[in-house]
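Participant: First the structure, which I've put down as C-alpha cells, then a few questions once you've had a look.
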Amino acid sequence: MAKKSQIMYAESGTEKFYFKASIADYTTEVAAACGFTLAPASLLPRPLVDQSELVRCGLCTRLQVRLANGENPPTTASLLVAVTDASAAMAYFNAGGKTLHSKTVLSANFKRDKFYV
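Take the sequence shown: its letter number 87 is residue 87 in our numbering, and every next letter is one higher.
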C-alpha cells in the first residue's frame, strides 16, 4: 500500500514543530515554497502537532489555491504555509505555469477563516 502522508516540520526560532502532511499536496518544491522541510527518518519519531494548532499559535496560515478542472468549475485546495513565507508562497503559485494535484494553478489567496468567540 502506498504511503499517503509524510512528516514535515516548520521552524520557529530554535524550535521545530513536526506535523503530518499529504504527499499529494507537498512535493519537495511546493514544501520549500511554503517554508517547510521534509523530516529525515533519523529525526523520527517525534511528537506531532496538529495543523490547526500551528494556525492557532500563529506559526502558520492557510493558502487557498484555485485549480483548473477541465470543463468543470475550478476546484480549491487549502495548503498550510509558514507565516514567514506566506507572501513568497503566494507569489510562487501566482507566477503561472505551476501545478498541484496534476492540475494547473489559476490563483492563490489567503484563506479567510471564520472565528467565533
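Every residue, glycine too, gets a C-beta built ideally from N, C-alpha and C.
Assuming A39 and Y9 form a contact by the criterion Cβ under 8 Å, report the distance between their Cβ atoms to the nearest whole angstrom.
Facilitator: Right, their Cβ atoms sit about 5 Å apart.
Participant: Have a look at the DSSP bridge pairing and note the partners of N69.
Facilitator: Looking at the DSSP assignment, N69 forms no beta bridge with any residue, so it has no partner.
Participant: Kindly provide the ranges of any alpha helix (DSSP H) runs that are 4 or more residues long and lie completely inside the segment 19-57, ordered along the chain.
Facilitator: If we require 4 residues or more, the alpha helix (DSSP H) runs fully inside the segment 19-57 come out as 28-34, 51-56.
Participant: Assuming F106 and P74 make a contact with CB atoms under 8 Å, what is their CB distance in whole Å?
Facilitator: Position check: residue 106 holds Leu in this sequence, whereas Phe was assumed. Rounded, the Cβ-Cβ distance is 6 Å, consistent with contact.
Participant: If A82 and F36 are in contact, beta carbons under 8 Å, what's the gap, nearest whole angstrom?
Facilitator: Yes, A82 and F36 are in contact; Cβ-Cβ is about 7 Å, under 8 Å.
Participant: Can you pull the DSSP bridge partners for L79?
Facilitator: Answer by DSSP bridge pairing, in chain order: L63.
Participant: Between which two residues does the alpha helix (DSSP H) harbouring A108 extend?
Facilitator: Taken as a continuous stretch (DSSP letters only), A108 belongs to no alpha helix (DSSP H), being part of the beta strand (DSSP E) at 103-110.
Participant: Can you give me the start and stop residues for the beta strand (DSSP E) that F10 sits inside?
Facilitator: According to the sequence provided, residue 10 is Ala. The question's Phe does not apply to it. 5-12 is the span of the beta strand (DSSP E), which, as asked, contains A10.
Participant: May I have the straight-line CA-CA distance separating E15 from V55, to the nearest angstrom?
Facilitator: Cα-Cα distance, rounded: 16 Å.
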